[in-house]
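Worksheet for the structure shown next.
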Ligand code: AMP
Ligand code: GLY
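Residue numbers (this note's numbering): 1 to 462.
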């Protein structure tokens, strides 16, 4: 069988480790390359010294190495048009084009799009002029939501409880430019309440396939308090979402979004990830993402039974409608361990204890082949560890690396979100208990994590 050389272009976080971990399980997976990577991805393949936004370097590498397949999985790369450039150079690439990914990289575009296509979302106005925006604020009811239109690593949204705090947020974003150019345009919108969920669908431009629903926990603090982060923990699937509700979401949100994009000449391929809020008036779209969520991917990769490489290959060939996608019956969770101070300033280089970089399971139940979590010469590990038996952190546990790297032969922190401890189980409770138990063995200076991941899911049941 011909093995594929694969390049994964992304942010070098937990999502990229999880996608690589799943891809590596395919019989057709050959050498894997990551731009960027972390200490976890280095155990699956080779981390390149190229950023996900350095397009010409990426293309030059892919051509020189005769890469068979390129996956573009992070927002910054998609917003730069990395997919379009690879398409021009005749390389086989998976992900949405820049025009399709605009659903994510411009909230102003996505809100107008939702408006044009009658899709359910919060009432809104868009501004590029600070004074006009300030004036509009005076007439609004509180709380009110202010969003930088561009990408801001999940931090560009401020919920304002008072008029002075709203004015300050507006000034911070539009005048002081705390999110850079992302704040040149803002969306001011109505505050909605209800549980938030993440929806994902594979799309090949012709047909689509829904994932089970999942739920991220975006705030840093217990009980959904404090600042927004990239995401502190995910559970999937959601026991409180009925089949009927999923059908409604598919019919009223996912299908018309993909249709709408096609009708505007922006055919969407890759992963469509709408973030929804379940209001008493029905599900509404908070935002679109044009890629796997992080840490949603870390749970989805644990639950996906079908070969991800096969799904991606079939998507590129527009054969998704002929592809059966199977999900395990289990529940999964992924709990993020973050650096002290995150999502604000934090220090790097803290030694991580309790994470064994020796072989970890590719299959969560420990059966079958395994490729390792070793470090050092990744190419050698990649091959040598094939077939090595698993276990890291206990049964059903896989630890995904996010901000980690090797320094003087030690595993150290290298980002805000450091590790994701994922678990599967036959109930959500079981998965969460396993994950929290595994976390007890891991430590680094300043380590923080949410102790209430999944807690709301049980409350939502009653
Ligand atoms: P976004 O990046 O647009 O998903 O926003 C980040 C987070 O801000 C969401 O996950 C919500 O928790 C919150 N948020 C965004 N828009 C609204 C809204 N209109 N009403 C209430 N909360 C919101
Ligand atoms: N889980 C949040 C995000 O990926 O944007």
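Beta carbons: idealized from backbone N, C-alpha and C, even for Gly.
Under 8 Å: do the stretch 98-106 and the stretch 67-82 share three or more Cβ pairs, one atom per stretch?
yes
My output table needs one value for residue 355: the three-state DSSP class, helix, strand or coil.
coil
Determine the DSSP secondary structure at residue 463, reduced to helix, strand or coil.
Because the chain here runs from 1 to 462, residue 463 falls outside it and cannot be looked at.
How long is the line joining the alpha carbons of residue 402 and residue 18, rounded to whole angstroms?
10 Å
Relative to the C-alpha of residue 35, which candidate in 6, 148, 276 and 117 has its C-alpha closest?
6
Look at the alpha carbon of residue 452 and the alpha carbon of residue 355, and state the distance between them as a whole number of angstroms.
22 Å
Would you kindly report the start and end of the unbroken alpha helix (DSSP H) that includes residue 16?
14-23
Under the three-state DSSP convention, the category residue 424 falls into:
strand
Alpha carbon to alpha carbon, how far is residue 390 from residue 245?
Low confidence applies to residue 390: its pLDDT is 41, below 50, so where it sits in the model is not reliable enough to give any reading.
Beta-carbon contacts of residue 169 that lie in its chain and below 8 Å, excluding the five residues immediately before and after:
Once the five neighbours on either side are set aside, the close Cβ partners of residue 169 are 146, 158 and 160.
May I ask which residues mark the beginning and end of the alpha helix (DSSP H) holding residue 214?
Residue 214 -> no alpha helix (DSSP H), and no H or E assigned at all.
Got a sec, what are the start and stop residues for the alpha helix (DSSP H) residue 38 sits in?
Looking at the DSSP string, residue 38 is not in any alpha helix (DSSP H), and its letter there is neither H nor E.
Any heavy atom of ligand 1 closer than 8 Å to the CB of residue 457?
Short note on residue 457: C-beta not closer than 8 Å to any heavy atom of ligand 1.
Please identify the residue among 198, 2, 214 and 337 whose C-alpha is closest to the C-alpha of residue 450.
The candidate whose alpha carbon is nearest that of residue 450 is 337.
Is residue 289 near ligand 2, judged by its Cβ being under 8 Å from some heavy atom?
yes
Sorted by chain position, which residues of the same chain lie with C-beta nearer than 6 Å to residue 94's C-beta, five sequence neighbours on each side aside?
71, 312 and 316
Does the distance from the C-beta atom of residue 426 to that of residue 329 stay below 9 Å?
yes
For residue 449, name the three-state secondary structure that DSSP assigns.
Reduced to three states, the DSSP call for residue 449 is coil.
Going by CA-CA distance only, name the one from 415, 434, 447 and 457 that's closest to residue 14.
415
From residue 100 to residue 258, what does the alpha carbon distance come to, in whole angstroms?
Spanning the two alpha carbons is a distance of roughly 10 Å.
Where residue 142 falls: helix, strand or coil (DSSP):
Residue 142 falls in the coil class under three-state DSSP.
Which residues neighbour ligand 1 when neighbourhood means a C-beta less than 7 Å away from any of its non-hydrogen atoms? List them by chain order.
Taking each Cβ in turn, the ones that pass are 107, 122, 145, 147, 154, 156, 157, 159, 189, 190, 191, 192, 193, 196, 218, 228, 275, 277, 286 and 287.
In or out: residue 162 buried (at least 16 other Cβ within 10 Å) or exposed?
So residue 162 ends up on the exposed side.
Beta carbon of residue 223: closer than 8 Å to some heavy atom of ligand 2?
no
Once you ignore the five residues that flank residue 353 on each side, which residues in its own chain have a CB closer than 8 Å to its CB?
Result list for residue 353: 442, 443 and 444, in chain order.
Going by DSSP in three states, residue 368 sits in which element: helix, strand or coil?
Below a pLDDT of 50, predicted positions are generally treated as unreliable, and residue 368, at 37, falls in that range; no measurement from the model is reported.
Express the C-alpha separation of residue 184 and residue 368 in angstroms, rounding to a whole number.
Residue placement at residue 368 is poorly supported in this model, since its pLDDT is 37, which falls under 50; the coordinates still yield a value, given next. Straight-line Cα distance between these residues: approximately 52 Å.
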